[in-house]
Every structure is written in structure tokens, then in C-alpha cells.
Amino acid sequence: MKTATIRMKVNGDWRRAEVRSGDTLLEALRGRLGVHSPKEGCGRGDCGACTVLLDGRAVRSCLVLAVEADGREVTTVEGVGGGKMHAVQEECIARNVFQCGFCAPGMILAAAALLAKNPAPTAKEVREALAGNLCRCTGYEPIVEAVLAAAKRMGGGRDEATKDAKFAKGKKGGGKK
Amino acid sequence: MSIACEFDYVKPTSWKAALEALGKEGAWALAGGSDLIAWLRDGAVQPEVVVDLKGLPGWSGIEKDGSALRLAGGTTFAEVLENEAVKKAAPVLWEAAGMVASVGVRNRATVAGNVCSAVPCCDAGPALLVHGAVMEVRTKSGKKEIPIEQWFKGPRKTALPKGAIVAGIRLPAGGGKQGGAFAKLKRYRGEDLAQASVAARVDGRGNWRIALGSVGPVPYLAERTAAVLKGCKAPDEKLLAKAAEVAEEEARPITDIRASETYRRLMVGVMVKRAAALAAKRLAGEGPEYGLNCMEEEAE
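In the order they appear, the protein sequences are chains A and B. The first sequence begins at 1 in our numbering and counts up by one. The second sequence begins at 178 in our numbering and counts up by one.
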């Protein structure tokens, strides 16, 4: 089989795509299905810009063959909030944490996957979960802060976690809604 | 940046079919894909057929096997990290798993795949060495077991026979107390390949195992270093310094893009000292919990 028709549930909808066996999931999403939020940065699993959720787990879509995703569920940033904005997205926007935005979809998905598994992460755990997502603009701290605030707003976060995020001092932790 | 070569993709659902497919010329096995797909993109491998192993029966899962623990061939680093039994039985592997690349890679990359790729800097290699793991291999003619000590044959070369599959990895539980530590030297915190790595394990009778990674063509047991510490459950500064000195001699690093030969050699000494000290502390029920960057944080 050098080409195949695959079916994937992308952000809740079953989609069909014709792919080459050498196409990556990233290429199938962007090139065949018009889902452009996952970005190609390094193309070899180092930068995290292509992160998507595959059956709920954050993976590098540049390191997944499209054919491997046949029959599986793929979530991109468009679907991570299930029809509305995810708390991580809202906190990122409220704090204006991104500059160029290239890393944003991957960063948000990595954070959402963390919070789904660990609703009350420490700042260290957030940093570790995002360590594989490179951002060349921000220095990361506002992003870590936004994720901690999102955790708090979602009901899991902890006060000391927000406190031990460097630079978080003196700012309001969000979560007022 | 696409994968240029054309290949067939098959996903067998029986061991027989998988072994048959892998027996053919130009067949490559696909587990987590984190090495293979990067190599495909680089054009470093050009398979006729890629055989996805994820449809095999019994491909995933971690279970007790008598007094040992068995990781099925498809066990990912993420699954290792989520498993308390591994943390207890093979804490050095558990600690090393947390330092493999990033969450997004650990969710797919497998422990078996890491040691089958067998690059000198593989994180699982030194950890499996100190735990005395046994590789369960399936071939067309049956099953065989290969001790991890006999696994690595050279950079990207292993004792895995052509066309065979690693069906599982057995970790002897060993019984009794143990303490261990994994040290990985990286250019920065977060994800990186190791510039050097040291795994250390000591049991309740003071038997040590020290393994080195990234400082030779393959990960290997530093037996002379372990011999220095033998019988001592709580080595003092002097003994640790002696072990470090021997480890520096026992390391066989090269200079490459990630570090120089001298830097690696000297750091192996430092890392052996710290890893052995931490392993001894943990054996005594002290010291930080197994986890990330313990040594850096202690040193800070």
C-alpha cells in the first residue's frame, strides 16, 4: 500500500483523506484536510510546533505517519475547547502571552493535555510539560503563568504553584470568573 | 522536508504475519516512530516496507512476571512514568524515562525502540544495564532471551537477529532494598540528547552497578568503577572521589557536536560521584524522591 484512504476523527468530525504511506500526520492535516494550526518547525520532533492530541495524548504530528492515525481521534487547537475556548486559551489571550504565535497551538495543546491528566500542576510540572515546546519570543514565563492560572480557574490549581512561578509575583492569578 | 521515499505500510495483527513481513529484504519495524520517521525524512533509511508493530497482540502493557516485571514491547516512556510498579522495581529506568526528550516524544517513543535504535546516547540503555534487564526476542523459529549486557554491539547495532521483534523487556525485581539514580548531562534543561549519562544502582548488600552512556560507542557497565564501591552502602567522599577517578579512566568518549572528549570525561567523574551519592542516600531512605533533575537541584 503506497497510498491509502484513512479516516480520522478530527476535532469531533470523521474526516477522510487520501494519503501516501510516507505522509506524516502533520502533512495530512495541513495539506489534505486544511487544518493549518499545527505548524512545521523543525520537522523532527524537537520543537513541538506540530503538537496535536492523538487519542488525547500530546504527540509530535511530524513524527507520526498519517496512516498510523487511521481510525483514531485527532484534536488540534481548533477543537481543544470542545466548541468554545479552552481555559488555557483564554488565559493566554488575557495575558497576551504570545508574540509571533508560531508555537501557540502546540503550546496550548501540550498545556491542555497536562491539565487533563494533572488538574493541579506545580510550576515545575508545567515547565516540564512544556519543555519540548520551543518559543523564541517570550521567555516562557508568561506562558507558564497562564497555564497555572487556567488550572486555578478550572478548579484544580493551587496557590503556591502560582506563587512559585518566577515573575508571577505581584500579578493577579486570574481565575476570577 | 517531506519523506521522499515510497514504501508500503503494513500493520499485521499476528506475530506470524509480522515476523514474515519483517523477514523480507528492505523491511523496517515501526514502533513509536520517533527515530524511524526522522530517519525516513533524512533519507537515512529507505525501506521497501514499513511494518507497524502496534497491531500485535500483547504489544502493550506492564505486568508482573513472577518476581520480575515485564514491559511489553510497545511500552512507551510515558507508560513507564505512569506506572508505580516500575518506579518501585526499576527506579533508575523510571527516573531516566522522565528525562527522555519531551512529553510529546515520550507519549509515542518506546523503551524497546530506544535500545533497538541503539544510538550511543540512548537514555534507556544505561538504566536497563543497571537493572540487569533481559530482552525477550521473538524470531520465526521461536523465542529467545538476550541479557541487556550482550545487547549493544556498536552504534545502531544490536544483538537483535534480522527480522526479529523485541516482544518484551523483563526487569528482575531483585527483591530487597535498592537505591539508584540517573544523571543526564544536557546543554540545557528541558529536552536534549545526552552529552553523557550515568546510571547507578546499589542493593542492600552493597553491590553496585554503574552504567555509562554517550561516552563510548555503546552504553556499557563501568565494572571497574562499580568494583571501587563494592560492599559499601554509604561511600564517603574519599571513596566517591576514587570511583570518579576510575570512571574518568573507564569512559571512552569522543568529541562531537554536543561536547568535547575532555569535557565528557571530566563530567562523567562528577556525575558518577553525584549519582552514587544519591543512590546511597536513597538506599538509606533519604535524599530526594526519584524524579527530574534531582541532582541539579541538590547542587543549586
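We put the beta carbon where it would ideally sit given N, CA and C, even for glycine.
Annotation: the continuous beta strand (DSSP E) that includes residue 346/B extends over 342-348. If you draw a straight line from the Cα of residue 133/A to the Cα of residue 206/B, it is about 28 angstroms long.
Sequence-distant partners of residue 151/A (beyond 5 residues in either direction) whose C-beta falls short of 7 angstroms from its own C-beta, in its chain, are 115, 119, 120, 121 and 157.
Listed along chain B are 279, 280 and 281, each with a C-beta nearer than 9 angstroms to that of residue 110/A.
Residues are counted here when their Cβ sits less than 9 angstroms from a Cβ of chain B; for the region 12-37 of chain A these are 20, 21, 22, 23, 24 and 27, given in chain order. Residues of the same chain with a CB within less than 7 angstroms of the CB of residue 80/A, apart from the 5 flanking positions on each side, are 86, 108, 109 and 112 in chain order. Residue-level contact by beta carbon fails for residue 416/B and chain A, as no gap is shorter than 8 angstroms.
With a cutoff of 8 angstroms on beta-carbon distance, residue 396/B and residue 302/B are scored as near each other. Look at residue 84/A: its C-beta is not under 8 angstroms from any C-beta on chain B. What residue 9/A touches in chain B, judged by beta-carbon distance under 7 angstroms, is nothing: the nearest beta carbon there is about 18 angstroms away. The region 294-367 of chain B contains, as complete beta strand (DSSP E) runs of 3+ residues, the segments 311-316, 319-324, 329-331, 342-348 and 355-362 (chain order). For residue 108/A, the enclosing alpha helix (DSSP H) has its first and last residue at 104-117. Using a Cβ distance threshold of 8 angstroms, residue 429/B and residue 373/B do not count as a contacting pair. Residue burial is scored here from C-beta neighbours: residue 142/A has at least 16 other C-beta atoms within 10 angstroms and is therefore classed as buried.
Beta-bridge pairing by DSSP links residue 15/A to 8/A. Flagged as an interface residue toward chain A: residue 285/B, by a C-beta distance shorter than 8 angstroms. For the C-beta of residue 132/A, the chain B residues within less than 8 angstroms are, from N- to C-terminus, 278, 279, 280, 281, 282, 367 and 368. The contact set of residue 128/A on chain B, defined by CB atoms closer than 7 angstroms, consists of 469 in chain order. If you draw a straight line from the Cα of residue 144/A to the Cα of residue 231/B, it is about 34 angstroms long. In terms of Cα proximity to residue 254/B, the closest of 243/B, 214/B, 186/B and 208/B is 208/B.
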